[in-house]
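Q: A single structure is presented below for examination.
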Amino acid sequence: MEDERPLSSALVIEPFQGERYPEMPTLTFIFGLCFSLSTAFYFHAGEREEKCIIEDIPSDTLLTGTFRIQQWDTRRHDFLESAPGLGMFVTVTTYNDEVLLSKLYGPQGTFYFTSHSPGEHIICLESNSTRLVSFGGSKLRIHLEIRVGQHDLDAAAAQAKDKVNEVSFKLERLIEQIEQIVKEQNYQRDREENFRMTSEDTNSNVLWWAFAQTLIFIAIGIFQMKHLKDFFIAKKLV
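Residue numbering for the sequence shown follows full-length UniProt numbering, starting at 1 and increasing by one per position.
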């Protein structure tokens, strides 16, 4: 993946002026500590080239992806702002070959899926073009933003003029993000525990194998000494 350019989507709240909301600077500080579980980047691909990314997420986690295609213009030697006539196949599978999503979108769109089990999920994107690069197909630039465990902002709440409702909505979003962080921490803790158990089992197997090798070497040594002793007695050398 090339030309990675993460985009910031941090939540910023301006402190209120006046004496009506004296607690607002404190809320602003709390919101400032919150980070967004999202990643945005772009990559290049041929018109019939499939590109896949892997997301390792906990179970029962909502993942939202937003994409936009830009097509290479051979005359301008630059990417166009859009790719009219092109669509994007989006396929999401697990490592157990379970298909969670398979759908054709337009040149830009948003897809959603919820993980049923923890682990790595494979997200593949491929345009619906019928042309190959070697037969006149052009290069594409695909912008992709991945948000884990976040719901889109409600337009009515985001445009609410009542500051109390706005702060209440943002508090709900903060709580949702905290719950996602806790879920992610529990998932990583489970992965660490499984890795530790695997490491302990491997170390135990290595220890027992080393012990068995030592016993085998001792048994072979005793057998060789006895065999040599019997050989010398048979030849009347001792």
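Idealized CB from N, CA, C, for every residue including glycine. Note that the structure is predicted; figures quoted are calculated from it, not measured.
Any idea if A210 is buried or exposed, counting beta-carbon neighbours within 10 angstroms, 16 or more meaning buried?
A: Classification for A210: exposed.
Q: Could you please give me the residues that DSSP links to M197 through a beta bridge?
A: DSSP output for M197 lists no bridge partner at all.
Q: DSSP three-state call for Y95: helix, strand or coil?
A: Residue state, collapsed to three classes: coil.
Q: Take the Cβ of A83 as the centre, count every other Cβ of all protein chains shown within 10 Å, and call the residue buried at 16 or more, exposed below.
A: Burial call: buried.
Q: Give me the residue from N205, I181, E145 with the minimum Cα distance to G109.
A: The option with the nearest alpha carbon to G109 is E145.
Q: Run through DSSP, which three-state label would G46 get?
A: Strand.
Q: How is S59 classed by DSSP in three states: helix, strand or coil?
A: Residue state, collapsed to three classes: coil.
Q: Note the first and the last residue of the continuous beta strand (DSSP E) segment covering K139.
A: Here the beta strand (DSSP E) through K139 covers 139 to 148.
Q: Between I216, E200, L62, which has its C-alpha nearest V92's C-alpha?
A: The candidate whose alpha carbon is nearest that of V92 is L62.
Q: Considering only the beta carbon of each residue, do I142 and I53 sit closer than 8 angstroms?
A: Not a contact, by the Cβ cut-off of 8 angstroms.
Q: Just tell me which of G85, S117, F217, L207 has its CA closest to the CA of V99.
A: The shortest C-alpha separation from V99 is found at S117.
Q: Quick one: complete beta strand (DSSP E) runs, 3+ long, within the segment 63 to 94?
A: You should have 88 to 94.
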